[in-house]
Amino acid sequence: MYFPSKKDLWLSIIYWLCALFFIIPPIFFPNFGVWISPSFLDKQWIKIITLSLIGFCLLWIWFKTGYSIKKDVLTIQYGPFRWKIKIADIHSVTETKNPFTDPALSIDKLEINYGKFKTIAISPKNKTEFINQLRKQNLNISTDKNK
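Per full-length UniProt numbering, the sequence shown starts with residue 1, numbered consecutively.
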């Protein structure tokens, strides 16, 4: 089952502005920001490729962030990055508003504790259904509601 990431409006604006800032100016305004470019970006084609790759990576993260539960594995995809967690290794899932970076596009997150001391926070749109699907496979997962 696939769960898309919840997307906050303010984070949407930041992602899109940054992505467009990395893609459009190097192509259409080649002298824009020349004074802040490192010397290895002196050639226009290098600047276009390097900065556009950063912009397209941000868009990849925007469009391809989601979480899937298949068999006994939770797969977290954050653009080009991917984590696989065995559902049997998950100890607890708790709600958090942690603003720090995680494979999530919202501040409204679920913190997953797994393994010995591992933690990751994600932001599925439907948190209740997501937790229910995890608990179908591992009844030992503790949540905010059953503490």
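Heads up, the beta-carbon is just placed ideally off N, CA and C, and yes, glycines get one too.
Sorting Cys18, Asn140 and Glu95 by C-alpha distance to the C-alpha of Ser52 places Cys18 at the top.
Comparing C-alpha distances from Lys116 to each of Ile24, Leu20, Trp16 and Ala88 shows the shortest one belongs to Ala88. For Leu110, the enclosing beta strand (DSSP E) starts and ends at Lys109 to Tyr114. Taken through DSSP and simplified to helix, strand or coil, Ile49 comes out as helix.
For Ala19, the uninterrupted alpha helix (DSSP H) run begins and ends at Leu9 to Phe28, by DSSP.
Beta-bridge analysis with DSSP links Trp60 to no other residue.
Per DSSP, the continuous beta strand (DSSP E) segment holding Thr65 begins and ends at Thr65 to Lys70.
Contact between Tyr78 and Ile61 holds: CB atoms are separated by about 6 Å, below the 8 Å threshold.
Within the same chain, Gln77 and Gly79 come within 7 Å of Lys64 by CB-CB distance, once the 5 residues on both sides are set aside.
Note: Arg82 is bridge-paired with Gln77 in the DSSP secondary-structure output. With a 10 Å radius around the Cβ and a threshold of 16 neighbouring Cβ atoms, Phe22 comes out buried. In the structure shown, Ile54 falls within a helical segment according to DSSP collapsed to helix, strand and coil.
For Thr94, the enclosing beta strand (DSSP E) begins and ends at Ile90 to Thr96.
Where Ile131 is concerned, the enclosing alpha helix (DSSP H) starts and stops at Lys127 to Gln137.
Across the structure, Leu110 and Pro30 are spaced so that their CA atoms are roughly 42 Å apart.
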